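Read left to right, the sequence shown gives residues 80 to 364 (the working numbering). Backbone N, C-alpha and C fix where the C-beta goes; we use that ideal spot for every residue, glycine too. Just so it is clear, the structure is predicted and the values come from calculations on it, not from any experiment. To start, the structure under review is shown below, and the notes come after it.
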Amino acid sequence: MDMDLFARICSDYYDIGGGAISLCSMHSDIFSDPLLFQRLQLIEKDREKFYLYTTTSFLGIAKLDDEKLKYLLNAFSLLKISIEGLDKDTYKRMCGLDAFDIVYAQLDRVHQLLQSGDFLAKIVLYIRTPYAKSVLHSDKYLELKSKFQITEIRDRFFSWGGMISQEDMPEGTFLEITDNSEKQIDCVVPWATLNISTNGLVTGCGCIDWEGRYIVGDMKEQTISDVWRSEKALDFRKAFSAGKVPEMCKNCTLYSSADKAFSSKSLVNYSPTDGLYYYPSAWKS
Numbered sequence: 080m081d082m083d084l085f086a087r088i089c090s091d092y093y094d095i096g097g098g099a100i101s102l103c104s105m106h107s108d109i110f111s112d113p114l115l116f117q118r119l120q121l122i123e124k125d126r127e128k129f130y131l132y133t134t135t136s137f138l139g140i141a142k143l144d145d146e147k148l149k150y151l152l153n154a155f156s157l158l159k160i161s162i163e164g165l166d167k168d169t170y171k172r173m174c175g176l177d178a179f180d181i182v183y184a185q186l187d188r189v190h191q192l193l194q195s196g197d198f199l200a201k202i203v204l205y206i207r208t209p210y211a212k213s214v215l216h217s218d219k220y221l222e223l224k225s226k227f228q229i230t231e232i233r234d235r236f237f238s239w240g241g242m243i244s245q246e247d248m249p250e251g252t253f254l255e256i257t258d259n260s261e262k263q264i265d266c267v268v269p270w271a272t273l274n275i276s277t278n279g280l281v282t283g284c285g286c287i288d289w290e291g292r293y294i295v296g297d298m299k300e301q302t303i304s305d306v307w308r309s310e311k312a313l314d315f316r317k318a319f320s321a322g323k324v325p326e327m328c329k330n331c332t333l334y335s336s337a338d339k340a341f342s343s344k345s346l347v348n349y350s351p352t353d354g355l356y357y358y359p360s361a362w363k364s
């Protein structure tokens, strides 16, 4: 996304109260973005109204010097790091890259920095592996657990709205398929998030619709409030309760009942700038 559009969207978001911002890339990693640090500097100016987070493979950290890495650790509120296996062979099997040593070297580097000073970023690890049951006893897992919070160990994955089949999965991992076609309570995701693609188009689902199958607005022409209140966005948010479940939602294992999510006691006194509505342990203390 060009900086002019990005700046206008951030300003618009700030004016309506701000909240969580996720900088993510569905096709690569945020560290492939040549404008990343310009974006971070822009967000930093209005930090009191923004909670910044991302999910990353962490591989791109290797190209940052210590000063840029320290800046990054103070720019983000939360770094969710996806670890694709706990040994070299598994890592290559899971993501097709011989990058195990690079990623773990960067984790050690970050751990040392965190020990040496106070930084804003909270770091949590998500382990993806074909050996979910056995990794709990591995030396590498115990080492990582002593340094970072490990939130999830997963060997089952969702289909990205039907784009992924079991044949696409690494050996030993599984595709989860569910049936949401009869559910009548709306999914919480479009009620709590808004996804803006690099071209400014807004998709109905902020989790999996990176192909833009359900476009509900265009930030080049509208404000965030305009899009949120639009008929298209409202129709998508009410799709389940209206009995018109979109095709990509029918087998999505990320479906979560809006009623259940919004009735959580942990949301009492919650402010959007506190963090992620679905992840209380990441909120500011």
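Handout entry: Limits of the beta strand (DSSP E) - the one that Lys159 falls within
Key = 157–162
Exercise for the section: Helix, strand or coil for Arg292, going by three-state DSSP, please let me know. Expected result: coil
Exercise for the section: Say whether the stretch 239–257 touches the stretch 212–226, bearing in mind that this needs 3 or more beta-carbon pairs closer than 8 Å, one atom from each stretch. Expected result: no
Practice task
Classify Ser364 as helix, strand or coil using the three-state DSSP reduction.
Solution key: Residue placement at Ser364 is flagged as unreliable, the pLDDT there being 39, under the threshold of 50; the coordinate-derived value follows with that caveat. Ser364: coil per DSSP, three-state reduction.
Practice task
Check each candidate in Ile160, Thr169, Ser111 and name the one with the smallest Cα separation from Leu143.
Solution key: Ser111
Exercise for the section: Output yes or no for whether 8 Å exceeds the beta carbon distance between Thr135 and Gly164. Expected result: no
Problem - Residues near Ser364 by beta carbon distance below 7 Å, same chain, minus five either side - result: In this predicted model, Ser364 has a pLDDT of only 39, less than 50, meaning its place in the structure is not dependable enough to derive any value.
Practice task
For Ala86, I'd like the list of residues in its chain whose CB is within less than 8 Å of its CB, leaving aside the five on either flank, ordered along the chain.
Solution key: So the qualifying residues of the chain are Leu121.
Handout entry: Same chain, Cβ closer than 7 Å to Cys266, neighbours up to 5 away in sequence not counted
Key = Phe319, Cys328, Tyr334, Ser335, Ala337
Exercise for the section: Return the CA-CA distance between Ile232 and Tyr210, expressed in angstroms with no decimal places. Expected result: 9 Å
Practice task
Along the beta strand (DSSP E) that carries Tyr130, what are the first and last residues, could you check?
Solution key: 129–135
Exercise for the section: Quick one: measure Cβ to Cβ for Leu157 and Tyr132, integer angstroms, because I've assumed they're closer than 8 Å. Expected result: 4 Å
Exercise for the section: List in chain order: all unbroken alpha helix (DSSP H) runs of 4+ residues lying wholly within the stretch 326–350. Expected result: 337–341
Practice task
Quick one: using the 10 Å Cβ neighbour count with 16 as the cut-off for buried, is Cys89 buried or exposed?
Solution key: For Cys89, the number of other beta carbons within 10 angstroms of its own is at least 16, and it is reported as buried.
Practice task
Can you say whether Asp81 is buried or exposed, counting buried as having 16 or more other CB atoms within 10 angstroms of its CB?
Solution key: exposed
Exercise for the section: Tell me Ser111's beta-bridge partners as DSSP assigns them. Expected result: Paired residue(s): none; Ser111 is not in a bridge.
Problem - Assigned exposure category for Lys124 - 16 Cβ within 10 Å defines buried - result: exposed
Problem - Cut-off 6 Å between Cβ atoms - residues of its own chain near Thr332, not counting five sequence neighbours on either side - result: Excluding sequence neighbours, Thr332 sits near Phe237, Glu255, Thr257.
Problem - First and last residue of the uninterrupted beta strand (DSSP E) at Lys201 - result: 201–207
Practice task
Put Ser101 into one of helix, strand or coil per three-state DSSP.
Solution key: strand
Problem - Candidates Gln245, Leu115, Tyr92, Ser161, of which the one nearest Leu204 by Cα - result: Of the listed residues, the one whose Cα sits closest to Leu204 is Ser161.
Practice task
Check the Cβ-Cβ distances between Val189 and every residue of chain C, and say whether any is below 8 Å.
Solution key: Absence of chain C from the displayed structure is noted, only one protein chain being present.
Problem - Nearest candidate by alpha-carbon position, reference Asp180, set Leu138, Lys339, Ala312, Asn153 - result: Leu138
Problem - Residues near Lys317 in its chain [Cβ-Cβ closer than 8 Å; skip 5 each side] - result: Asp265
Problem - Inter-stretch contact at 8 Å, needing at least 3 Cβ pairs: the stretch 265–279 / the stretch 293–302 - result: The stretch 265–279 makes contact with the stretch 293–302; the number of CB pairs closer than 8 Å reaches 3 or more.
Problem - Inter-residue Cα distance where the pair is Gln191 and Pro269 - result: 38 Å
Problem - Reduced DSSP secondary structure (H/G/I, E/B, other) of Asp267 - result: It is Val, not Asp, that sits at residue 267 in the sequence shown. DSSP places Val267 in coil when its eight states are reduced to three.
Handout entry: 6 Å CB neighbourhood of Lys262 in its chain, flanking five on each side removed
Key = Taking Lys262 as the centre and dropping the five residues before and after it, the same chain places the C-beta of Phe319 closer than 6 Å to its C-beta, in chain order.
Exercise for the section: Flag Ser225 as yes when its Cβ comes closer than 7 Å to any non-hydrogen atom of the ligand ATP, and as no otherwise. Expected result: Ligands in the displayed structure: none, and consequently the ligand ATP is not present.
Problem - Alpha-carbon spacing of Ala184 relative to Glu146, whole angstroms - result: Inter-residue distance for Ala184 and Glu146 is about 17 Å (C-alpha atoms, whole angstroms).
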